[in-house]
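J.:
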Amino acid sequence: MADDRFFLWFSDIHFDPYYASGQAYNAPFNDVSCKNVTSTSSIGIHGCDSPEELVRSTFEQAVRVCANAPSPPSFIIITGDTVRHSVDMLFANVTNEGSESRSEGEVSIASNSPYHIKAMEAAGKIVQDMTTILHESFPNTPVVLSVGNNDVVPDYYLELKEENTPLGNLSLAVDDAGMLGVIFQALSNTTTSEGKSKKAILTEDDEWTFLRGGYYSRSFHDGSLVVLSLNTVLYASFFEPTPMNADDPGKQFEWMRKMMSYSREMRGQVIIIGHIPPSLGSYRHNQFWKTTYVKTYFNIVAEFDDVIVAQLFGHLHSDEFRVGLPSSAHFNTDEETSLIPSMNAPLLLGPSITPLHGNNPSFRLMKYSQDDKHRILDYESYRCLLDEESWSKLYTFSEAYSSSSKILSNEGLSSNTLRAIVESMEDDADGGESHVLKSFRSFLMSGADGTSDHSGANVDCNAECRDEWMCTFQSATQQGYEGCLRRRSQRKGSSIVGIVGTCVFVVVLLSAVFIRMRISRKRRHYSTAPSAHGKEVEAVEAHGGDEVL
């Protein structure tokens, strides 16, 4: 334990500095008011984004957790969506920013509106203020942060600069570098709004990649561990506008391959982080990435499987994971079988800090090995009960999923470890929900019941629910998910037909055996009958014996 290393993982903070004011974000799907808050809790309520008090409480709890760890955290990871939802609503009476069903025309209006630059600047200030609060708790700990879809304005909208634009001619002014320039300024700022000094998250060395696409890297432990921060908003199904280089927006895939190749040459290891994962949502089962980008990403992961130790994403606001199949050596382009391919690195989805969807705020302390493999060994999940304003440990991975303990002890938290958990979820000896699946669903909303769309273990998981989860864990595209459900349904139908056929065969066989036993007993009875019944015996035999019975 003393030789282990640690890092903190936060996701989907959605800091709303306007909480409990007339400018607070009110979610249209929640029947709560975030503007006129009547709750006695000072750190927020379910159904609203995170007030400053919750952000501070989260980082203060992380300090307490790390104080009890054998060593301080090597770094901090934040997998996107630092900013509250719908920043445009601060400057417009009506906007569809933040909605995943808006039209291209509505996005065009929002991105060219007079209030667009104001909204961009407001988002940048929220990012800067959050990093200032984090710096107060962890002044000397490196931070690696990914761009989320709510960190850009409008939601999912990001104009990329032309690839031949000289960086020397690209200033950080809002009207020149755009939203990425705003975020870069916020993350590279070395002073707080009060004029105090703080550690910058981005430096001048990150300009080339970040201003072109919102991605960059960080090296730790003398370069033996590299964290690649991807901007996966570029691959989202809702991303706009269409980039000039549609095959590789911002040349991020090209950069990713180069970084992987370099790590392999240096015998280093890589952790991939991003906001939107290359998979499906678990609520509406919608596909997050465009299929062509899903294919490219997993091809790269398969090519450099030996150097990747983890894939960490957010976006869902829930505690989940995805797993590759052992039989899928390469991604299958047939959309009927487009499941996540075989891979060594686990694909983990972190819970959120914001309690917007009825979940409890949650974060993780990740443990990884000190050797040159830097394997993820375990993690602890911490959650906050808002009404009680108290934090506690929700679970430890190795204890909650003990069914995978043998693999975990041999190779760390790998895709094989997660696959063993999924297989144990299929256990259904009593015809109900397996203990492992129920535990997983109890962690889904970090111990809370959630809402109707984001429900945890408060709803029973029947056979249909179990099928949906099994296919969600493994699917990379919508077509793959639907094909997975059909195959599971067909297997069940075949099993039922087989069972019925077997039962009919057994019944017929037993009936035949029973009849023969009856005949045999009667024949023995007649053959040994007293002479007084001789006429009766002759009469039976005269009519053919078997027919009379």
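First residue of the sequence shown? That's 1 in UniProt numbering, and the numbers climb one at a time after it.
Beta carbons are placed, not taken as given, at the ideal position from N, Cα and C, and that holds for glycine.
Can the beta-carbon of residue 83 be found less than 8 Å from the beta-carbon of residue 127?
T.: Closer than 8 Å, so yes.
J.: Taking buried to mean at least 16 other C-beta atoms within 10 Å of its own C-beta, is residue 490 buried or exposed?
T.: Counting every other CB atom within 10 Å of its CB across the protein chains shown gives residue 490 a total below 16, marking it as exposed.
J.: Alpha carbon to alpha carbon, how far is residue 286 from residue 129? Give it in angstroms, no decimals.
T.: 33 Å
J.: Quick check: the segment 392-411 against the segment 70-83, are at least 3 beta-carbon pairs closer than 8 Å?
T.: no
J.: Give me the DSSP bridge partner(s) of residue 362.
T.: 383
J.: For the candidate residues 282, 306, 280, 256, whose alpha-carbon lies nearest to that of residue 297?
T.: 256
J.: Based on the DSSP output, what are the partners of residue 393 in its beta bridges?
T.: 382
J.: Mind checking which residues open and close the beta strand (DSSP E) that includes residue 474?
T.: Segment 463-474 is the alpha helix (DSSP H) holding residue 474; no beta strand (DSSP E) there.
J.: Would you be able to state if there are at least three C-beta pairs under 8 Å between the segment 296-314 and the segment 480-489?
T.: Taking one beta carbon from each stretch, the segment 480-489 and the segment 296-314 have fewer than 3 pairs nearer than 8 Å; the two do not touch.
J.: In its own chain, which residues sit with a C-beta less than 7 Å from the C-beta of residue 209, not counting the 5 before and 5 after it?
T.: 215, 216, 255
J.: Residue 316 CB to nearest chain E CB: under 8 Å?
T.: Considering every chain present, this structure includes no chain E. It has just one protein chain.
J.: When you compare the CB positions of residue 317 and residue 359, do they come within less than 8 Å of one another, or not?
T.: One thing to note: residue 317 has its Cβ within 8 Å of the Cβ of residue 359.
J.: What is the rounded straight-line gap between the Cα of residue 134 and the Cα of residue 426?
T.: Taken atom to atom, the span from the alpha-carbon of residue 134 to that of residue 426 is near 41 Å.
J.: Does DSSP classify residue 316 as helix, strand or coil?
T.: coil
J.: Among 248, 304, 274, 158, which has the Cα closest to the Cα of residue 262?
T.: 304
J.: So, helix, strand or coil for residue 9, using DSSP?
T.: strand
J.: Return the bridge partner residues of residue 550 from the DSSP annotation.
T.: A question about residue 550 goes unanswered here, because the residues of the chain that appear run from 1 up to 549.
J.: Count the other CB atoms within 10 Å of the CB of residue 140; is the residue buried (16 or more) or exposed (fewer)?
T.: Exposed, since its Cβ has fewer than 16 Cβ neighbours within 10 Å.
J.: Look at the alpha carbon of residue 381 and the alpha carbon of residue 446, and state the distance between them as a whole number of angstroms.
T.: 8 Å
J.: Got a sec? Which residues, its chain only, sit under 8 Å from residue 197 by beta carbon, not counting five neighbours each side?
T.: 190, 191
J.: With distance defined between alpha-carbon atoms, name the residue in 274, 142, 370, 156 nearest to residue 88.
T.: Looking at the Cα atoms, 156 is the closest of the given residues.
J.: Check whether the segment 238-255 touches the segment 401-416, taking contact to mean three or more Cβ pairs, one atom from each stretch, closer than 8 Å.
T.: The segment 238-255 vs the segment 401-416: no contact.
J.: Kindly indicate which residue of 384, 372, 370, 357 has the alpha-carbon position closest to the one of residue 364.
T.: 384
J.: Are three or more beta carbon pairs between the segment 219-230 and the segment 262-275 nearer than 8 Å?
T.: yes
J.: Apply the 10 Å Cβ neighbour rule to residue 279 and answer buried if 16 or more other Cβ atoms are within range, or exposed otherwise.
T.: buried
J.: Which same chain residues end up closer than 7 Å to residue 376 when comparing Cβ atoms and leaving out the 5 residues on each side of it in sequence?
T.: 309, 310, 346, 366, 368, 412, 413
J.: Quick one, are the C-beta atoms of residue 233 and residue 349 less than 8 Å apart?
T.: Cβ atoms of residue 233 and residue 349: not closer than 8 Å.
J.: Measure the alpha-carbon distance for residue 252 versus residue 258 and round it to whole angstroms.
T.: Taking the straight line from one Cα to the other gives about 10 Å.
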